[in-house]
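> Residue numbers (my numbering): 328 to 710.
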Ligand SMILES: Cc1ncc(COP(=O)(O)O)c(C=O)c1O
C-alpha cells in the first residue's frame, strides 16, 4: 500500500531528534529552526517530557471521558496559572483544527446565531467549519462551502465596525490569529483586537483567539493576543501544547456555560497527552522559556534586519517571518541542502522561523552564520 500523496516531501528521513537538532537515517545532523511547524516548544525529546509520558504509560494509557481523570484537572490548574485566565474552563481535544471546530460550534451554541467573521489570509484548520473560516478556496471542498462565514480584510477596523453595524445581531463569533502563521507572519494590531473585544461585547458575539500556532509562549506572552491587553472569550490551542504529542484544547470564559453532551471526543484529554502537556508547562516555567522566547526573538529579529539580502522582517518572540531580496529566492533550499538548516516557508517567498523556545544563543548564531554564507554563495554564483 502506498501513502496518500498529499505532502510535497523533502527527500530526507528524520529518525532522531534532541533539543533543536534532528538527524537523518544516514546520521547527518540538522539545525531545526522550523520546530516541526511550531510544534516543538520545549525542545525535541526533552528528558522531563519523555519521563513524564513514560511514567504515565506505565500507570494507565487510556480510559474514556466517562470517568474522573485527575490529570485533566491538574492540566486545567496549570493552564489557569500560566495563562492567567481566571476561572476559564478547559475542553481537551486532539488537534488545532478540532480546537477551532469546537470553538466555532460553541460560539454558535452559546449565541444561537450562525454567522462567523474571519479574516483575509487566515488559516484555522481543515475540518468542516475551521476550513470554511480559512481564506484558501483550494482546500475548501464543495461540501464545506457555506454562507455563514463572512471574510473581512485583516486589521481593518472600519470594515469590521461596518459589518457589525449592519448585521451585529446575526454574528455568533469572530475568529482571529494573534499572529497569522500560514499567511506569512502578520501580526494583528492591538487596536484591531481591542475593537473585536468591544464589538463582541456590544453585540453579544464571541471573540475566538486562534492561538494554535502563535500561542503557548511562542510570542513571548502565553497568548500572542495578550499583547492587546484584552481577553478573548475562547482561546484555541494545539501545536506547542504537547511538544509533538498530539493534543489540542480550548480555554472557555466563565460566562459560557457547559451542558452535558454539548461537546465531546473519545481521545481528547487522554492521560498520555495530558502528561505531555503538563511536562511542557513544567519545563516552560522551570526554564523560563516564555521570557527566553521574548528576548531571543527580539535579538534575532534585530540581527535579521541587519543581515544582507534580508527584507521585511516580521513577528514577535520566536515566531518570525522574513523575505529575501530579488535573486535570493533559493535561500531556503540552499540553507537546507548545503547548511543543514530546516526553516519553514509561506507562499510566495517568506521564510518562517518557528524554533523550539529552548533554542540557545549559540544555535541562533549558527543559523545566522548559515544564512550569511548561503546568501554569499547565491550572490557569488549569480555574479
Ligand atoms: C493558526 C492555526 N490554526 C489551526 C491550525 C490547524 O491545526 P492542526 O493542523 O493541528 O489541525 C493551524 C495549523 O497550521 C494553524 O496554524
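All C-beta atoms, glycine included, are put in the ideal place defined by N, C-alpha and C.
Because the structure is a prediction, the values reported are computed rather than measured.
Given this structure, state the Cα-to-Cα distance separating residue 455 from residue 380, to the nearest angstrom.
Counted from its first residue, the chain shown places residue 455 at position 128. Counted from its first residue, the chain shown places residue 380 at position 53. Rounded to whole angstroms, residue 455 to residue 380 spans 32 Å at the Cα level.
> Given this structure, state the Cα-to-Cα distance separating residue 400 from residue 651, to the nearest angstrom.
If you number the chain shown from 1, residue 400 lands on position 73. If you number the chain shown from 1, residue 651 lands on position 324. Cα-Cα distance, rounded: 46 Å.
> How should residue 389 be labelled, buried or exposed, when 16 other C-beta atoms within 10 angstroms of its C-beta is the threshold for buried?
As a working mapping, residue 389 is identified with position 62 in the chain shown. Looking at its Cβ environment, which holds fewer than 16 other Cβ atoms inside 10 Å, residue 389 is exposed.
> Does ligand 1 have even one heavy atom less than 6 Å from the beta-carbon of residue 447?
One-based indexing of the chain shown puts residue 447 at position 120. Answer for residue 447: no, Cβ out of range of ligand 1.
> First and last residue of the beta strand (DSSP E) that includes residue 503?
One-based indexing of the chain shown puts residue 503 at position 176. That run of the beta strand (DSSP E) goes 498-504.
> By DSSP's criteria, residue 416 is part of a beta bridge. Which residues make up the other side?
Along the chain shown, one-based indexing puts residue 416 at 89. Per DSSP, 579.
> Please determine whether the Cβ atom of residue 422 lies at a distance below 6 Å from any heavy atom of ligand 1.
The sequence position of residue 422 within the chain shown is 95, counting from 1. It does: the Cβ of residue 422 is within 6 Å (strictly closer) of some heavy atom of ligand 1.
> Mind checking which residues open and close the alpha helix (DSSP H) that includes residue 632?
Here residue 632 refers to the residue found at position 305 of the chain shown. Note, residue 632: alpha helix (DSSP H), 616-632.
> Return helix, strand or coil for residue 514, following the three-state DSSP convention.
For the purposes of this step, residue 514 is taken as the residue at position 187 of the chain shown. If DSSP states are grouped into helix, strand and coil, residue 514 belongs with the strands.
> Flag residue 539 as yes when its Cβ comes closer than 6 Å to any non-hydrogen atom of ligand 1, and as no otherwise.
Looking up residue 539 in the chain shown gives position 212. Residue 539 Cβ: within cutoff of ligand 1.
> For a test of your reading of the model: does the CB of residue 713 fall under 6 Å from any non-hydrogen atom of ligand 1? Yes or no.
The shown model of the chain, from 328 to 710, leaves out residue 713, and the question about it has no answer.
> Relative to the alpha-carbon of residue 437, which residue among 349, 561, 606 and 656 has its alpha-carbon at the smallest distance?
If you number the chain shown from 1, residue 437 lands on position 110. Checked all of 349, 561, 606 and 656; the closest Cα to residue 437 is 561.
> Relative to the C-alpha of residue 383, which candidate in 612, 516, 601 and 440 has its C-alpha closest?
Start at 1 with the first residue of the chain shown, and residue 383 comes out as number 56. When only C-alpha atoms are compared, the closest one is 601.
> Let me check understanding here. Comparing Cα to Cα, which of 577, 592, 477 and 673 lies closest to residue 559?
Along the chain shown, read from residue 1 onward, the residue named residue 559 stands at position 232. Out of 577, 592, 477 and 673, 577 has the C-alpha closest to the C-alpha of residue 559.
> How close, in whole Å, do the beta carbons of residue 446 and residue 481 come, if the pair is a contact with beta carbons under 8 Å?
For the purposes of this step, residue 446 is identified with residue 119 of the chain shown, where counting begins at 1. For the purposes of this step, residue 481 is identified with residue 154 of the chain shown, where counting begins at 1. Residue 446 to residue 481, Cβ: 4 Å. Contact.
> Between residue 565 and ligand 1, is there a pair consisting of the residue's CB and a ligand heavy atom that are separated by less than 6 Å?
Residue 565 sits at position 238 when you count from the first residue of the chain shown. Under cutoff, so the answer is yes.
> Could you pull out every residue in the same chain whose Cβ sits closer than 8 Å to the Cβ of residue 529, ignoring the five residues on either side in sequence?
Stepping through the chain shown from its first residue, residue 529 is reached at position 202. So the list reads 491 and 495, once near-sequence residues are dropped.
> Between the segment 657-670 and the segment 696-709, do at least 3 Cβ pairs fall closer than 8 Å?
Output reads yes: the segment 696-709 touches the segment 657-670.
> Closest by CA to residue 646, which one among 655, 467, 371 and 549?
Within the chain shown, the letter at position 319 stands for residue 646. Considering only alpha carbons, the answer is 549.
> Can you check which of these residues, 604, 680 and 709, is closest to residue 378 by C-alpha distance?
To locate residue 378, count along the chain shown from 1; it is residue 51. The candidate whose alpha carbon is nearest that of residue 378 is 604.
> Residues in its own chain within less than 6 Å of residue 713 by CB, not counting five upstream and five downstream?
Residue 713 lies beyond the residue range present for the chain, which begins at 328 and ends at 710; the question has no answer from this structure.
> Just checking residue 385 against ligand 1 - is the residue's beta carbon closer than 6 Å to any of the ligand's heavy atoms?
Locating residue 385 in the chain shown gives position 58, counting from the first residue. For ligand 1, not one heavy atom lies less than 6 Å from the Cβ of residue 385.
> With respect to the beta strand (DSSP E) encompassing residue 491, which residues constitute its N-terminal and C-terminal limits?
Taking the chain shown and counting its residues from 1, one reaches residue 491 at position 164. Note, residue 491: premise wrong, no beta strand (DSSP E); alpha helix (DSSP H) at 484-494.
> How about residue 476 and residue 498: do their beta carbons lie closer than 7 Å?
Here residue 476 is taken as the residue at index 149 of the chain shown, counted from 1. Here residue 498 is taken as the residue at index 171 of the chain shown, counted from 1. No. Outside cutoff.
> Please confirm whether residue 416 and residue 579 have their CB atoms less than 7 Å apart.
Taking the chain shown and counting its residues from 1, the one referred to as residue 416 is at position 89. Taking the chain shown and counting its residues from 1, the one referred to as residue 579 is at position 252. Yes; because the gap between Cβ atoms is below 7 Å, this pair is in contact.
> Is the CB-CB distance between residue 460 and residue 502 below 7 Å?
Taking the chain shown and counting its residues from 1, one reaches residue 460 at position 133. Taking the chain shown and counting its residues from 1, one reaches residue 502 at position 175. It is a contact, given that the beta carbons lie within the stated cut-off.
> Who does residue 563 pair with in a DSSP beta bridge?
Taking the first residue of the chain shown as position 1, residue 563 is located at position 236. Paired residues: 537 and 577.
> Locate the beta strand (DSSP E) running through residue 611, then write down its first and last residues.
For this step, residue 611 is matched to residue 284 along the chain shown. Counting along the chain, residue 611 falls outside any beta strand (DSSP E), though it belongs to the alpha helix (DSSP H) covering 598-613.
> Would you kindly check if the distance between the Cβ of residue 356 and the Cβ of residue 348 is under 7 Å?
Here residue 348 refers to the residue found at position 21 when the chain shown is read from its first residue. Here residue 356 refers to the residue found at position 29 when the chain shown is read from its first residue. Contact: yes.
> Within 10 angstroms of the Cβ of residue 547, are there 16 or more other Cβ atoms? Answer buried if so, exposed if not.
Counted from its first residue, the chain shown places residue 547 at position 220. So residue 547 ends up on the buried side.
> DSSP three-state call for residue 692: helix, strand or coil?
Your numbering for residue 692 matches position 365 in the chain shown. If DSSP states are grouped into helix, strand and coil, residue 692 belongs with the helices.
> Assign residue 357 to one of three DSSP states: helix, strand, or coil.
For the purposes of this step, residue 357 is identified with residue 30 of the chain shown, where counting begins at 1. Of the three classes helix, strand and coil, the one that applies to residue 357 here is strand, per DSSP.
> In terms of residue numbering, what span does the alpha helix (DSSP H) encompassing residue 363 cover?
On the chain shown, residue 363 is found 36 positions in, with the first residue counted as 1. Where residue 363 is concerned, the enclosing alpha helix (DSSP H) stretches over 362-365.
> Determine, using beta-carbon pairs with one atom in the segment 369-376 and one in the segment 675-692, whether at least three such pairs fall under 8 Å.
The segment 369-376, when compared against the segment 675-692, does touch it at the 8 Å Cβ threshold.
> From residue 293 to residue 516, what does the alpha carbon distance come to, in whole angstroms?
This structure leaves residue 293 out entirely; the chain is present only between 328 and 710.
> DSSP on residue 337, reduced to helix/strand/coil?
Within the chain shown, residue 337 is the residue found at index 10, counting from 1. Reduced to three states, the DSSP call for residue 337 is coil.
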